[in-house]
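*Asks:*
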Amino acid sequence: MKVLSDAALGAAHGKIILVGEHSVVYNEPAIAIPFTSATVEVIITKISGDSTVNSIYHTGKILDAPESLNNLIKTINAVCLYLNKPTNNMHIHIDSNIPAERGMGSSAAVATALVRAMFTYFEAELTDELLYRFVSISEKIAHGNPSGLDATVVSSKQAVYFTRSEATEFFDSHLPGYLVIADTGDEGETIGAVSDVGKLVKNKNTNGQKLITELGNLTKKARQLIEKKNLNQLGEILSKAQTRLNKLTVSNDKLDTLVDAAMKNGAIGAKLTGGGRGGCMIALADQAETAEKIAATLLKNGAIQTWIHNLGD
Ligand code: PMV
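The numbering used here puts the first residue of the sequence shown at 1, with every later residue one more than the last.
And the structure:
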């Protein structure tokens, strides 16, 4: 491989859904915050010949890439078509520390960094609307019926209050507290979980729709509590959301164990985050020491990695 030019860089970060996952699919609001401890960079350099990629899923020609990279390949093709550029002559290096399939928005973040790098590489102007359009191509393949929440927050510096059919509101989510994030180490099952919630919502003999409405109401309340900087009541909302997500069958034993362990060790609220059935959970703490104690307990109870996010930063 002969490198012919300087590198073009695109970056993005992960996201944490505070509250509103799943119900957001049904036009209820969700609140998500940028998670800048988990980041991805895509670097594109010019080569001659077939384009190549270097990622955890595949290293080699894009033509030989596995199906798991289909979302990115479709995005690359769509950007090239839009900009009227050839799809060859690129080496695409993807460097991510966002755990994949864990509800942290990894797929949307990689696609965002990729589209940003491509527009820089082709020296074309990228508007927010265009970025969202191309990342959505990737997200539809990765997630089936994505609400668009991930695609919005992985490129935002502020928290988002997202409702599918309405303009996204960006707002200040600074709070005097800490969010502990724990990775179960298991891949989430967003597509399956979204589809099963869909069956519950459609089936009038279940209270699926009622649970979705309740999650929406909890999210609206959470927004007010964040604005009032009321950490304790926000914690209660998170725990109430977990109860509803559990009833919607998207939690699992490991997530429940971690949620319980966090609550017994000083958390003021805890829940899964993202699509569920694996992936990550979050716990709210008012003091740094409590957050550290919760993180240590979560590791003892099976989490493979934890992060402490200062909500005041
Ligand atoms: O698992 P994640 O973080 O990609 O998020 C899924 C969030 C859902 O509300 C379950 C689905 C969606 O498209 O918003």
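We put the CB at the ideal spot given by N, CA and C, even for glycine.
1) Would L238 and I226 qualify as a contact pair, given that the criterion is a beta-carbon distance under 8 Å?
2) Measure the C-alpha to C-alpha separation of A285 and G20 and round it to an integer number of angstroms.
3) Would P99 and S106 qualify as a contact pair, given that the criterion is a beta-carbon distance under 8 Å?
4) Using the beta-carbon count (16 or more within 10 Å), is N252 buried or exposed?
5) Any heavy atom of the ligand PMV closer than 7 Å to the CB of S136?
6) Which residue comes first and which comes last in the beta strand (DSSP E) that contains Q233?
7) Would DSSP call D186 helix, strand or coil?
8) Going by the DSSP bridge assignment, what does S80 pair with across the sheet?
9) Alpha carbon to alpha carbon, how far is A262 from N77? Give it in angstroms, no decimals.
10) At what residues does the alpha helix (DSSP H) containing K157 begin and finish?
11) Could you spell out the range, first to last residue, of the beta strand (DSSP E) harbouring E169?
12) Taking the C-alpha atoms as reference points, what is the distance between A222 and D172?
13) Can you look up G312 in the DSSP assignment and give me helix, strand or coil?
14) Look at the alpha carbon of T184 and the alpha carbon of N84, and state the distance between them as a whole number of angstroms.
15) Measure the Cβ-Cβ separation of I43 and A159 and say whether it is below 8 Å.
16) Less than 8 Å between the C-beta atoms of G103 and C280, yes or no?
17) Run the CB neighbour count on T316, radius 10 Å, all protein chains shown included, and call it buried at 16 or more, exposed below.
18) Going by DSSP, what residue range makes up the alpha helix (DSSP H) through M104?
19) Could you check if D64 is buried or exposed, using at least 16 other CB atoms within 10 Å of its CB as the buried criterion?
20) Buried or exposed, going by whether 16 or more other CB atoms sit within 10 Å of the CB of L231?
21) Under DSSP, the alpha helix (DSSP H) around N217 begins and ends at which residues?
22) Can you tell me the Cα-Cα spacing of L149 and L255, whole angstroms?
23) CB G301 to CB L258, shorter than 8 Å?
24) Rounded to whole angstroms, what is the Cα-Cα separation between A11 and I73?
25) What's the gap between the Cα of V25 and the Cα of Q287?
26) Beta carbon of H93: closer than 7 Å to some heavy atom of the ligand PMV?
27) Going by DSSP in three states, S68 sits in which element: helix, strand or coil?
*Replies:* Answer, in terms of the structure:
1) The residue given as residue 238 occupies position 238 in the sequence shown. The residue given as residue 226 occupies position 226 in the sequence shown. Not in contact: L238 and I226 (Cβ atoms no closer than 8 Å).
2) The residue given as residue 285 occupies position 285 in the sequence shown. The residue given as residue 20 occupies position 20 in the sequence shown. When rounded, the distance between both Cα atoms is 20 Å.
3) Against the sequence shown, residue 99 aligns to sequence position 99. Against the sequence shown, residue 106 aligns to sequence position 106. Contact flag set, yes.
4) Position 252 of the sequence shown holds residue 252. So N252 ends up on the buried side.
5) The count along the sequence shown starts at 1 and reaches residue 136 at position 136. Between the ligand PMV and S136, a heavy atom-to-CB distance of less than 7 Å is absent.
6) Reading the sequence shown from its first residue, position 233 is the one you call residue 233. For Q233, no beta strand (DSSP E) encloses it; the enclosing alpha helix (DSSP H) starts and ends at 231 to 247.
7) In the sequence shown, counting from the first residue as 1, residue 186 sits at position 186. Looking at D186 - three-state DSSP - the assignment turns out to be coil, as it is neither helix nor strand.
8) Here residue 80 is taken as the residue at index 80 of the sequence shown, counted from 1. Sequence check: residue 80 is Cys here, not Ser. Answer is none; C80 lacks a bridge partner.
9) Here residue 77 refers to the residue found at position 77 when the sequence shown is read from its first residue. Here residue 262 refers to the residue found at position 262 when the sequence shown is read from its first residue. Rounded to the nearest angstrom, the two C-alpha atoms are 45 Å apart.
10) Walking along the sequence shown from the start, residue 157 turns up at place 157. K157 -> no alpha helix (DSSP H), and no H or E assigned at all.
11) Walking along the sequence shown from the start, residue 169 turns up at place 169. Where E169 is concerned, the enclosing beta strand (DSSP E) stretches over 169 to 171.
12) Locating residue 222 in the sequence shown gives position 222, where the first residue counts as 1. Locating residue 172 in the sequence shown gives position 172, where the first residue counts as 1. Cα to Cα, A222 sits roughly 13 Å from D172.
13) Within the sequence shown, numbered from 1, the residue matching residue 312 stands at position 312. Three-state DSSP puts G312 in coil, outside helix and strand.
14) By 1-based counting over the sequence shown, the position of residue 184 is 184. By 1-based counting over the sequence shown, the position of residue 84 is 84. Taking the straight line from one Cα to the other gives about 43 Å.
15) Here residue 43 is taken as the residue at index 43 of the sequence shown, counted from 1. Here residue 159 is taken as the residue at index 159 of the sequence shown, counted from 1. Not in contact: I43 and A159 (Cβ atoms no closer than 8 Å).
16) Start at 1 with the first residue of the sequence shown, and residue 103 comes out as number 103. Start at 1 with the first residue of the sequence shown, and residue 280 comes out as number 280. It is a contact, given that the beta carbons lie within the stated cut-off.
17) What is shown of the chain runs 1 to 313, which leaves residue 316 out entirely.
18) If you number the sequence shown from 1, residue 104 lands on position 104. First-last for M104: undefined, no H or E at that position.
19) Taking the first residue of the sequence shown as 1, we reach residue 64 at position 64. So D64 ends up on the exposed side.
20) For this step, residue 231 is matched to residue 231 along the sequence shown. Counting Cβ neighbours within 10 Å, L231 comes out buried, since at least 16 surround it.
21) For the purposes of this step, residue 217 is identified with residue 217 of the sequence shown, where counting begins at 1. Its alpha helix (DSSP H) spans residues 208 to 227.
22) Start at 1 with the first residue of the sequence shown, and residue 149 comes out as number 149. Start at 1 with the first residue of the sequence shown, and residue 255 comes out as number 255. So the two alpha carbons sit approximately 22 Å from each other.
23) In the sequence shown, the residue the question calls residue 301 occupies position 301. In the sequence shown, the residue the question calls residue 258 occupies position 258. Note that residue 301 is Asn in the sequence shown, not Gly. Going by C-beta atoms, N301 is nearer than 8 Å to L258.
24) The residue given as residue 11 occupies position 11 in the sequence shown. The residue given as residue 73 occupies position 73 in the sequence shown. One C-alpha to the other measures close to 18 Å.
25) Taking the first residue of the sequence shown as position 1, residue 25 is located at position 25. Taking the first residue of the sequence shown as position 1, residue 287 is located at position 287. Spanning the alpha carbons of V25 and Q287 requires a straight line of approximately 33 Å.
26) Residue 93 sits at position 93 when you count from the first residue of the sequence shown. H93 Cβ: outside cutoff for every heavy atom of the ligand PMV.
27) Residue mapping note: residue 68 aligns to position 68 of the sequence shown, counting from 1. Here S68 sits in helix by DSSP.
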